[in-house]
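Student:
In the numbering used here, the protein residues as written are 519 to 698.
1. May I ask you to report which of helix, strand or coil DSSP gives residue 600?
2. With distances taken between CB atoms, is the gap from residue 725 to residue 600 smaller than 8 Å?
3. What separation, rounded to the nearest whole angstrom, lies between the Cα atoms of residue 676 and residue 608?
4. Applying the 10 Å Cβ sphere with the 16-neighbour rule, what's the burial state of residue 603?
5. Suppose contacts are defined by Cβ-Cβ distances below 8 Å. Is residue 624 in contact with residue 651 by that definition?
6. Helix, strand or coil for residue 668? Go by DSSP, reduced to three states.
7. Measuring straight from C-alpha to C-alpha, what distance separates residue 631 and residue 521?
8. For residue 671, count neighbouring C-beta atoms within 10 Å of its own C-beta (all shown protein chains included) and say buried if the count is 16 or more, exposed if not.
9. Taking the beta strand (DSSP E) that residue 629 belongs to, which residues open and close that run?
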């Protein structure tokens, strides 16, 4: 959790070097960043993403309008496979749309590099009336277990300010050609 928050703060560095950005806005953005951790492994035991989505749809995600779960109906999940990925050097988290349903495009979830969470939030803000289709994927759902969101070309790429890997060096299984 601390690593995710730290990487997101570092991603704000993109705006700190921009001359046309009011730095008080950057500081406000940083002060508003909160991650609400819900830790009860027994609740998630045996649940796949569909089960986690159903469990969280009925949960109180917070009544504050700035909370992503409340505003965009998205949650971040660190399940057993994510923890294994982190142990192998892949800093990812699963981003899950709570408003996605069967029959819509994609699968409503994807593994996202922890350094790209600010980019994801900006993309969600652009599509606030259709956030369930933000994480598009062309392939079977089982491929998402190894696929990593490549970001979006319309975004400024704030993740590079929190990455230790070289620019354009993709994560394992991060293939921009699989999104549509």
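We put the CB at the ideal spot given by N, CA and C, even for glycine.
Tutor: Let me spell this out:
1. Position 82 of the chain shown, counting from 1, holds the residue named residue 600. Three-state DSSP puts residue 600 in a helix.
2. The structure shown does not extend to residue 725, since the chain is modelled only from 519 to 698, so the question has no answer here.
3. The residue given as residue 676 occupies position 158 in the chain shown. The residue given as residue 608 occupies position 90 in the chain shown. Near 18 Å, if we compare the C-alpha coordinates of residue 608 and residue 676.
4. The sequence position of residue 603 within the chain shown is 85, counting from 1. Buried, by the Cβ-count rule.
5. Locating residue 624 in the chain shown gives position 106, where the first residue counts as 1. Locating residue 651 in the chain shown gives position 133, where the first residue counts as 1. In this structure, residue 624 lies near residue 651, with their beta-carbon atoms less than 8 Å apart.
6. Taking the first residue of the chain shown as position 1, residue 668 is located at position 150. DSSP places residue 668 in coil when its eight states are reduced to three.
7. One-based indexing of the chain shown puts residue 631 at position 113. One-based indexing of the chain shown puts residue 521 at position 3. Those two C-alpha atoms are separated by around 12 Å.
8. Numbered from 1 along the chain shown, position 153 holds the residue referred to as residue 671. Exposed is the call here.
9. Translated into the one-based positions of the chain shown, residue 629 becomes position 111. It spans 627-631 - the beta strand (DSSP E) in which residue 629 sits, taken as one unbroken run.
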